[in-house]
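Protein chains: 2
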Amino acid sequence: MTSVAWVKGKVRYIDQTRLPAEEVYVETSDYRRLGEAIRRLEIRGAPAIGVAAAFGVMLAFDEEGADATATREQRLEAAIAFLGRTRPTAVNLFRSLERMRSAFQRLKLTDPDLIRRALLEEALGVQREDAEACDRIGEYGATLIPPNSTLLTHCNTGALATAGEGTAQNIITTAARQGKVSRVYADETRPLLQGARLTTWELMGRGIDVVLITDSTAGVLMKQRKIDAVLVGADRIAANGDTANKIGTYALAVLAAHHGIPFYVAAPCSTIDHGTASGSDIPVEERDPREVTHIAGVPVAPPGVHVYAPAFDITPHNLITTIVTDAGILRPPYEAAIAKLNAGVHATRGGST
Amino acid sequence: MTSVAWVKGKVRYIDQTRLPAEEVYVETSDYRRLGEAIRRLEIRGAPAIGVAAAFGVMLAFDEEGADATATREQRLEAAIAFLGRTRPTAVNLFRSLERMRSAFQRLKLTDPDLIRRALLEEALGVQREDAEACDRIGEYGATLIPPNSTLLTHCNTGALATAGEGTAQNIITTAARQGKVSRVYADETRPLLQGARLTTWELMGRGIDVVLITDSTAGVLMKQRKIDAVLVGADRIAANGDTANKIGTYALAVLAAHHGIPFYVAAPCSTIDHGTASGSDIPVEERDPREVTHIAGVPVAPPGVHVYAPAFDITPHNLITTIVTDAGILRPPYEAAIAKLNAGVHATRGGST
Numbered sequence: 001m002t003s004v005a006w007v008k009g010k011v012r013y014i015d016q017t018r019l020p021a022e023e024v025y026v027e028t029s030d031y032r033r034l035g036e037a038i039r040r041l042e043i044r045g046a047p048a049i050g051v052a053a054a055f056g057v058m059l060a061f062d063e064e065g066a067d068a069t070a071t072r073e074q075r076l077e078a079a080i081a082f083l084g085r086t087r088p089t090a091v092n093l094f095r096s097l098e099r100m101r102s103a104f105q106r107l108k109l110t111d112p113d114l115i116r117r118a119l120l121e122e123a124l125g126v127q128r129e130d131a132e133a134c135d136r137i138g139e140y141g142a143t144l145i146p147p148n149s150t151l152l153t154h155c156n157t158g159a160l161a162t163a164g165e166g167t168a169q170n171i172i173t174t175a176a177r178q179g180k181v182s183r184v185y186a187d188e189t190r191p192l193l194q195g196a197r198l199t200t201w202e203l204m205g206r207g208i209d210v211v212l213i214t215d216s217t218a219g220v221l222m223k224q225r226k227i228d229a230v231l232v233g234a235d236r237i238a239a240n241g242d243t244a245n246k247i248g249t250y251a252l253a254v255l256a257a258h259h260g261i262p263f264y265v266a267a268p269c270s271t272i273d274h275g276t277a278s279g280s281d282i283p284v285e286e287r288d289p290r291e292v293t294h295i296a297g298v299p300v301a302p303p304g305v306h307v308y309a310p311a312f313d314i315t316p317h318n319l320i321t322t323i324v325t326d327a328g329i330l331r332p333p334y335e336a337a338i339a340k341l342n343a344g345v346h347a348t349r350g351g352s353t
Numbered sequence: 354m355t356s357v358a359w360v361k362g363k364v365r366y367i368d369q370t371r372l373p374a375e376e377v378y379v380e381t382s383d384y385r386r387l388g389e390a391i392r393r394l395e396i397r398g399a400p401a402i403g404v405a406a407a408f409g410v411m412l413a414f415d416e417e418g419a420d421a422t423a424t425r426e427q428r429l430e431a432a433i434a435f436l437g438r439t440r441p442t443a444v445n446l447f448r449s450l451e452r453m454r455s456a457f458q459r460l461k462l463t464d465p466d467l468i469r470r471a472l473l474e475e476a477l478g479v480q481r482e483d484a485e486a487c488d489r490i491g492e493y494g495a496t497l498i499p500p501n502s503t504l505l506t507h508c509n510t511g512a513l514a515t516a517g518e519g520t521a522q523n524i525i526t527t528a529a530r531q532g533k534v535s536r537v538y539a540d541e542t543r544p545l546l547q548g549a550r551l552t553t554w555e556l557m558g559r560g561i562d563v564v565l566i567t568d569s570t571a572g573v574l575m576k577q578r579k580i581d582a583v584l585v586g587a588d589r590i591a592a593n594g595d596t597a598n599k600i601g602t603y604a605l606a607v608l609a610a611h612h613g614i615p616f617y618v619a620a621p622c623s624t625i626d627h628g629t630a631s632g633s634d635i636p637v638e639e640r641d642p643r644e645v646t647h648i649a650g651v652p653v654a655p656p657g658v659h660v661y662a663p664a665f666d667i668t669p670h671n672l673i674t675t676i677v678t679d680a681g682i683l684r685p686p687y688e689a690a691i692a693k694l695n696a697g698v699h700a701t702r703g704g705s706t
């Protein structure tokens, strides 16, 4: 199962809104349709969104037709702007679009075939690097998990959310392969139930003992001393370690701290936004009230009720035990650890270009 | 709107599982059907369950037919046993059944008409006393609410849950009539969505500015300093103040403590169980996994997924700022305050019988 792939000039993805009832794969050569897929959460998960966006720019490059008179650069910039407006919080989206823009800018005055090859290489690079980052996150993170662990996770951070085996969830599955995981509790994750629909589906498919709970049951399990660690992903990590992630993450972090339970955030370095100083600078998307008032199309609240529906919340760095990245495990003080990482990443990139 | 009423020898109740889509009133003269209604949450809320159970014993007394050969006492005891098995946590149920049993025992050797009048008086007494308790809880509790308050509540503790105007919710509506409430945030309260379906419906009907949120959004609002107080009801309060209430209450209490926000529990004295020493002695009901895996009949998780679905959790007394009862506002140490209440209640009852 691959969340998003480039197949013969088209983007192919599994429609995550239809899971677990149906496994529907969608192919499109229209970047606008791909943008809609991101907006509707047919494709979701910060790393998977980043990969999809890179492929979206490829689709725009290949496009002929209505805007054929526009210059190539205008067409690409329009696509980048369109894709950039789909979801505001996950930084992988913007980073990925920026990589595609840079690749284009480097070669834009050369032969179209050369540009196309470079763009495709860049997009496939985003995908490959994310898959490799997942592997490293799984390996690093699994070292944090003691034998006989019962773990709690929120939302979905598995293969569906990434181009590889996942972030927080790959730590779980890697530790499970090492025989260290007794059980996993999966928060259902209202409003869109990614935990109930996707995480249980992925973990059951891997033969892991997973138990579904409502989000507000997590605190009870912690009080009963049934949870050894909480693992979550991230949509954007600020320079000081503050982390934007699926709504409900903050409450889990407070509960974990109250019960003395380790709280691990896992994400590739591409999710760290060095340009954002702290969590209060991260834009938090608000979603359509219907995602709360309707479930599977059925209304569950009175017509016209007011709703507050942020998609994410910000967990302050002081509630995070460690941040597991593909470049290693970060520990407090995060500001220094992340700055060091930034310097290191720049040095490496500087060497390879 | 009356949650449960005695109408011409039958019990009439509003089916809360159909709200807010439909206002369906059900009438029955069969205590078994009434027990099913309690089990299925057509009637819910600890005080309303207590009232319904008292009327259920009346129905059993009036019953002729299949078990006409059984003695009156056997028939009543069978009904009390049946009704007592519907739900284990709310103590009002058992207290109410015990009151009906005592009323019967006092007069069982007398004239059937006399017994019937006494039983009906007792059942209507349970109902009337609960309505009066609601009024006093509203008045006492409203004194705790400062002007311009934004309040957060969980589940439903309004007219639907009681024989009167509610417990925690009556504090909200009373304070709102006094012009002190700017806004109310209502947790949707998974799995059965009593907040989304019932609390919003009741508060909108009373012209109060209510905003629906998913349960895990509460922590974010607290962090944003948007919540001035949290108000919840109770299904059973132990002698030390530990409180069983709808799943999710414990997490809210931890979050409120973390943010320095007052956390108020409101319940009639009939919800205090002096015979239960602490929260660990309160039986917590586990519900059918389908209540988590299906919403409005639609599956939202893979078939066969394991589920942990406790209906309630226990909030330790040290996380509760005050307990508002119809006998006044209780403050820590609760063990002493509750013991005093118990002595007082016994003294009053002793004087009136």
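Chains as they are written, first to last, in our numbering: chain H, 1 to 353; chain E, 354 to 706.
Even glycine gets a Cβ: it sits at the ideal position worked out from N, Cα and C.
If you check the CB distance, residue 527/E and residue 484/E do not come in under 7 Å.
A straight line joining the alpha-carbon of residue 437/E with that of residue 452/E spans about 13 Å.
The DSSP-derived three-state label of residue 566/E is strand. As for any beta strand (DSSP E) of minimum length 3 sitting wholly inside the stretch 223–279 of chain H, the runs are 229–232, 236–238, 243–246 and 263–266, ordered along the chain. One thing to note: residue 232/H has its Cβ no nearer than 7 Å to the Cβ of residue 210/H. Counting only runs of at least 4 residues, the stretch 48–115 of chain H fully encloses the following alpha helix (DSSP H) elements, listed from N- to C-terminal order: 72–84 and 91–107.
Taking 4 residues as the shortest admissible run, the stretch 483–556 of chain E contains the following complete alpha helix (DSSP H) segments, listed from N- to C-terminal end: 521–530. The three-state secondary structure of residue 380/E, taken from DSSP, is strand.
Taking a C-beta cut-off of 7 Å against chain E, the contacting residues of the stretch 240–258 of chain H are 247, 248, 250, 251, 254, 255 and 258, listed in chain order. The three-state reading of DSSP puts residue 315/H in strand, counting E and B together.
Among the bridge pairs identified by DSSP, residue 366/E is matched with 357/E and 379/E.
For residue 201/H, the C-beta contacts it makes with chain E under 7 Å involve 655, in order along the chain.
At least one beta carbon of chain E lies nearer than 7 Å to the beta carbon of residue 190/H. Between the alpha carbons of residue 275/H and residue 281/H lies a gap of roughly 10 Å.
Taking a 10 Å sphere around the C-beta of residue 270/H, we find 16 or more other C-beta atoms and assign the residue as buried. The three-state reading of DSSP puts residue 389/E in helix, counting H, G and I together. Across the set 667/E, 386/E and 575/E, the C-alpha of 386/E shows the shortest separation from the C-alpha of residue 406/E. Looking at the DSSP output, residue 310/H bridges to 286/H. One Cα belongs to residue 189/H, the other to residue 681/E, and the distance between them is close to 39 Å. Residue contact with chain E for residue 102/H: absent (no Cβ-Cβ distance below 7 Å to any residue of chain E).
In this structure, residue 611/E keeps its C-beta atom at 7 Å or more from the C-beta atom of residue 230/H.
In chain order, 50, 53, 54 and 126 place their CB closer than 6 Å to the CB of residue 96/H, counting only its own chain and leaving out the 5 sequence neighbours on each side.
Residues of chain H whose Cβ lies closer than 9 Å to the Cβ of residue 618/E do not exist, since the nearest Cβ in that chain is about 16 Å away. By a beta-carbon distance limit of 8 Å, residue 467/E contacts residue 460/E. Their separation comes to about 6 Å. The residue from 11/H, 21/H, 71/H and 302/H with its alpha-carbon nearest to that of residue 555/E is 302/H. Not a single C-beta of chain H is nearer than 7 Å to the C-beta of residue 687/E. Chain-ordered, the chain H residues with CB closer than 8 Å to the CB of residue 648/E read 295, 296, 298 and 300. In the structure shown, residue 323/H adopts extended strand secondary structure according to DSSP, grouped into three states. In the displayed model, residue 328/H falls within a strand according to three-state DSSP.
Taking residue 182/H as the centre and dropping the five residues before and after it, the same chain places the C-beta of 148, 149, 150 and 209 closer than 8 Å to its C-beta, in chain order. Any Cβ of chain E closer than 7 Å to the Cβ of residue 1/H would place that residue at the interface, and such an atom is absent. Interface criterion not met: the Cβ of residue 396/E is under 7 Å from no Cβ in chain H. Contact check for residue 330/H against residue 337/H passes: the beta carbons are separated by less than 7 Å. By the Cβ rule, the stretch 304–318 of chain H counts as touching the stretch 235–246 of chain H, because three or more pairs are nearer than 8 Å. Residue nearest to residue 177/H within the set 200/H, 155/H, 154/H and 139/H is 139/H (criterion: CA-CA distance). Scanning 575/E, 363/E and 505/E for the CA closest to the CA of residue 525/E turns up 505/E.
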